[in-house]
Each structure stands twice: as C-alpha cells, then as structure tokens.
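The structure under discussion appears below in the form of structure tokens.
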C-alpha cells in the first residue's frame, strides 16, 4: 500500500498530469476552446501569426517538410506552453513550425471537417452544395477554426510569387489536414492515383 501511495505522489506522475491538462494536440476543439474561453485555440493563432511574420517570403512554405525530430520536439514543447512566446531566434526552422501546424489540424479528433467524402461523389455543382451544407452545420468551434484557417491561407496566397504556393498547392497540402476521411476512403483514393 505504501508503494502505491509513493507512486501516486511521485513528481513524474504530477508532471504528466500537468502536461495532460495543458495538452493541445489530439484534444477535442470544444475542450480547448472551453477551458480558455476563446474562439480559436491559442496555439493556432500564435503559429499563424509567426508564419505570417517570418514565412511569407519562404519558397515552398507548407510543401517542404520540416525535420521530423524538430516537429516532435516543438509538439512536446507546445503541449506545455501553448506556443505563447514564439520568437524567430528560438524557432528558426519555419518548415518545422508549419509541420506542427499541419499536425495539430490532423490530430483534431474526428477532424476539423468530419468524414464526408462519401457524400461528395456527385457532380461538381451538387458536391459544392453538399460541402457548403456540411460547413454550415459544423459545430461552432470547428466552423470558427475553419474560417480562421481559410483566412490565413488566403493571406499566404497573396505572396504566391515568393512562396510558389498557389490555391491548388495549398489545397493539396491542407486537404488531408482539414478533411477527416475513413481509411477505406483514403485507400480507394490512393489506389485511384
């Protein structure tokens, strides 16, 4: 019994529970928004502001991958700090920052836009109408974040001459981050390619 009490009082367990409480990745948006009384997760705002300040002249932004090790390290750090203090001297790998942003979006449980790919197999006009209805019916926190991300991507497109990232390129990069697809749908689309 004494060993159990010691384990429960261990600093490692306390540190882990603090980390879990501050976590940003893999947490439902509703929880991130609710616990901080904000519209957009702070980590998203901070990363997007950083990219707009330091990445608008970077060719291949979001297309070029950052170091896997740097992305994992940043993810762990942002789960502790929420990326509240991003400064270029500390985070000079813009591609790793972009990788963390894409990872955050991919790890949203149920995705930012839920599994709708089966609904979008019709002709283009019907597909657009169905997609519009899906977006309108998103939970408020998903809708707010999607709107924020779309506005951010529009700002990036203004600098296409430097970044070489057109709307089509950004769509290719961000489609898998925004849309949650079942494994069967993903396999079917990859096989078709």
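In the working numbering, the protein residues as written are -14 to 178. We treat Cβ as the ideally placed atom computed from N, Cα and C, and that holds for glycine.
Asked                                                                                                                                                    : Found
For residue 9, which option in 80, 78, 85 has the closest C-alpha, if you only look at C-alpha atoms?                                                    : 85
Run through DSSP, which three-state label would residue 46 get?                                                                                          : coil
Report the three-state DSSP secondary structure of residue 98 (helix, strand or coil).                                                                   : strand
At which residues does the alpha helix (DSSP H) containing residue 77 begin and terminate?                                                               : Here residue 77 belongs to no alpha helix (DSSP H), and DSSP marks it neither H nor E.
Near residue 63, what residues of its chain come up, given a Cβ to Cβ distance below 7 Å and the 5 sequence neighbours on each side ignored?             : 9, 28, 85
Can you list, in chain order, the residues of its chain whose CB lies under 6 Å from that of residue 51, leaving out five sequence neighbours each side? : 78, 80, 81, 84
Assuming residue 97 and residue 127 make a contact with CB atoms under 8 Å, what is their CB distance in whole Å?                                        : 6 Å
Just the C-alpha distance for residue 118 and residue 112, rounded to the nearest angstrom, thanks.                                                      : 10 Å
Does DSSP put residue 63 in a helix, in a strand, or in coil?                                                                                            : helix
Would you mind working out which of 153, 143, 88 sits nearest residue 57, comparing C-alpha positions?                                                   : 88
So is residue 135 buried or exposed if we call it buried at 16+ other beta carbons inside 10 Å?                                                          : exposed
What are the residues that DSSP puts in a beta bridge with residue 164?                                                                                  : 98
For residue 16, count the other beta carbons within 10 Å of its own beta carbon; 16 or more makes it buried, fewer makes it exposed. Which is it?        : exposed
Return yes when the Cβ of residue 141 is within less than 9 Å of the Cβ of residue 47, no when it is not.                                                : yes
What are the boundary residues of the alpha helix (DSSP H) that includes residue 110?                                                                    : 109 to 121
Can residue 90 and residue 159 be called in contact, C-beta distance under 9 Å?                                                                          : yes
By DSSP, does residue 147 sit in helix, in strand, or in coil?                                                                                           : helix
What is the rounded straight-line gap between the Cα of residue 19 and the Cα of residue 139?                                                            : 27 Å
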